[in-house]
């Protein structure tokens, strides 16, 4: 739509053009624009006011301003500034140049310093004003004005002074400063600190505020409280702010409330939810002693302090001055929180291969009656020749006696051992799990005149042999866990050692252990250590001289060769369990895994001739969940 006011304003426009340098702000014009181009309106204002205007390229669009009565050029200029604000544009008037730009850029735009609000200047736009307070605190006044400031405005108290800086449009700054001056016109309020000797400051302040509020409601003052009350728990004091009469009444009331309790002191019983009561007793006793030494008579009187633990009810019984009991109660509330748990799973994988080859020849002679006897023995057969060794054995008998023996043996052993011990414990609490056997180890033998030499008195010591996992977790920031780990795997070797007068067999154990301290993220897998070994062994037993002869020497020696490969790796997998839902999920998965193995084993089992009683299958996990019933209300304490 075209600019409808152009025809009405032609004479006025011409008059304005003749005196552009010195515009007549009292000249009368009539504004009536509908869907006019904003740049045409800015051009008309520039001609009427004689102002130099800089327009941002992003200022585009059409505007409408409707008025049915004439107004001065100054009034039209203010309407123009209001129109820009409505359509999302801001202005900055500095050094005689009016800048027009989008409103979001107003925060960084140059602002004119406004010293007086009623200087009669018609200039608008973004301004900044320094407000000085007389009675109110600048910080409190700035906090009060901040919600009333515009999106591009700024208000802040100057540190160390009585000034508040306000920046916004001229209209909004004028209103805010006018409101601040009215609030700051009230007389100064004095403050007073009342220290308490017996009562607790937070309780007294709460009671005092409740009484003042009820009094204000009864007097019909719509909740206006003539006194400000605050409590300082650190110094056990009440802060009063208001006029002298109100402070006097409040001080008398505080004096009536601050009376010593009957008896030696106040006794409180605090039931703990997570921590053990005996753990907190040393902490609270040390805290009470420190507080008494620092605060002196300001906080604690000569009332003796007693802190005892009730182990059966897991509760603390504390006796002392109320301020000290309040402090200890706050400490207990911070310490008695639910502690996280850590589930640690260790994965131990061991792969081993043992390849042994043996080839040997033994000769023996066994003449009847007196005479010369001889033998070559490499351990291929029993001493008397009635039992042969393992493998292929070829022998020559004469007169019922073994005279020659050829033995060949090749043995291959492979093992794949997988152990996954797991244990759950609280944060910073050690835990240990051991799965294995308790075996006896010979520690000594004693013979005496009364005891037979072939049957001495033997002493034993029993030790645990198996898989052992001992951990102490510490939960750090961002789900990191520090683990002090002792991992041990010990098994009984298949090769016993002979010893003792009675040829008692001692035991050799194969032991693999890891002791370390690592940092690992929750839910990740970390390798703790490993061992990869490859051993080649060759043993030759022979008759001197004869065993070294070419070709024939093979009849007088025995050769054993072995190759052993081992690959041992230990992995760790910690999981932080900091909620009941995670603990239930982990327990459910482990429980169902065992139950599925039972069901699978029952399906694969074949029916024997005499079928024994089938092992019981674990019930569904849901049967172990606590039943959700109505809560039973406990009787109130007398």
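Residue numbers (my numbering): 1016 to 1653. In this text, a Cβ means the ideal position worked out from N, Cα and C, and glycines have one as well.
Integer Cβ distance of residue i from residue j, believed to fall under 8 Å
i, j, result
"residue 1272", "residue 1244", "So it is not a contact: roughly 12 Å between Cβ atoms."
"residue 1348", "residue 1324", "With a Cβ gap of about 17 Å, residue 1348 and residue 1324 do not count as contacting."
"residue 1284", "residue 1344", "Actually they are not in contact, since the Cβ atoms of residue 1284 and residue 1344 sit about 11 Å apart, beyond 8 Å."
"residue 1198", "residue 1163", "At roughly 12 Å, the Cβ-Cβ gap does not stay under 8 Å, so residue 1198 and residue 1163 are not in contact."
"residue 1451", "residue 1474", "So it is not a contact: roughly 23 Å between Cβ atoms."
"residue 1074", "residue 1056", "With a Cβ gap of about 11 Å, residue 1074 and residue 1056 do not count as contacting."
Coarse secondary structure for residue i, derived from DSSP in three states
i, result
"residue 1283", "strand"
"residue 1563", "helix"
"residue 1216", "helix"
"residue 1209", "strand"
"residue 1153", "helix"
"residue 1070", "strand"
"residue 1738", "In the structure displayed, the chain extends from 1016 to 1653; residue 1738 sits before or after that span and is not available."
"residue 1353", "coil"
"residue 1092", "helix"
"residue 1289", "coil"
"residue 1252", "strand"
"residue 1443", "coil"
"residue 1111", "coil"
"residue 1060", "helix"
"residue 1606", "helix"
"residue 1556", "strand"
"residue 1375", "strand"
"residue 1100", "helix"
"residue 1266", "helix"
"residue 1633", "coil"
"residue 1085", "coil"
"residue 1261", "helix"
"residue 1123", "helix"
"residue 1320", "coil"
"residue 1337", "helix"
Residue i versus residue j: straight-line alpha-carbon distance, rounded
i, j, result
"residue 1352", "residue 1289", "6 Å"
"residue 1118", "residue 1140", "11 Å"
"residue 1445", "residue 1608", "27 Å"
"residue 1533", "residue 1437", "17 Å"
"residue 1126", "residue 1306", "55 Å"
"residue 1043", "residue 1092", "12 Å"
"residue 1131", "residue 1083", "33 Å"
"residue 1370", "residue 1524", "21 Å"
"residue 1539", "residue 1320", "49 Å"
"residue 1269", "residue 1175", "34 Å"
"residue 1633", "residue 1617", "12 Å"
"residue 1072", "residue 1120", "13 Å"
"residue 1499", "residue 1491", "13 Å"
"residue 1312", "residue 1206", "Bear in mind that a pLDDT of 46 at residue 1312, under 50, signals an unreliable position, so the model cannot answer this."
"residue 1596", "residue 1356", "12 Å"
"residue 1302", "residue 1326", "21 Å"
"residue 1485", "residue 1497", "14 Å"
Neighbourhood of residue i by C-beta, 6 Å cutoff - its chain only, sequence neighbours within 5 removed
i, result
"residue 1016", "Because residue 1016 sits at a pLDDT of 37, beneath the cut-off of 50, its placement in the model cannot be relied upon, and the following sentence gives the value as read from the coordinates. Around residue 1016: 1049, 1050."
"residue 1588", "1360, 1540"
"residue 1578", "1370, 1551"
"residue 1576", "1372, 1553"
"residue 1066", "1113"
"residue 1505", "1480, 1524, 1526"
"residue 1574", "1374, 1555"
Neighbourhood of residue i by C-beta distance below 7 Å, restricted to the same chain and skipping five residues each side
i, result
"residue 1522", "1454, 1456, 1507, 1511"
"residue 1061", "1068"
"residue 1354", "1289, 1441, 1442"
"residue 1145", "1178, 1180"
"residue 1161", "1170"
Residue j beta carbon less than 8 Å from that of residue i
i, j, result
"residue 1331", "residue 1295", "yes"
"residue 1179", "residue 1157", "yes"
"residue 1250", "residue 1210", "yes"
"residue 1124", "residue 1107", "yes"
"residue 1129", "residue 1115", "no"
"residue 1502", "residue 1361", "yes"
"residue 1088", "residue 1064", "yes"
"residue 1255", "residue 1265", "yes"
"residue 1603", "residue 1636", "yes"
"residue 1094", "residue 1046", "yes"
Beta-carbon contacts of residue i that lie in its chain and below 8 Å, excluding the five residues immediately before and after
i, result
"residue 1568", "1557, 1561, 1562"
"residue 1495", "1534, 1535, 1536, 1537"
"residue 1217", "1246, 1248, 1341"
"residue 1661", "This structure cannot speak to residue 1661, because the chain is shown only from 1016 to 1653."
"residue 1148", "1156, 1177, 1178, 1179, 1195, 1199"
Test: residue i CB closer than 8 Å to a CB of chain C
i, result
"residue 1131", "As a matter of chain content, chain C is missing from the structure shown, which is built from one protein chain."
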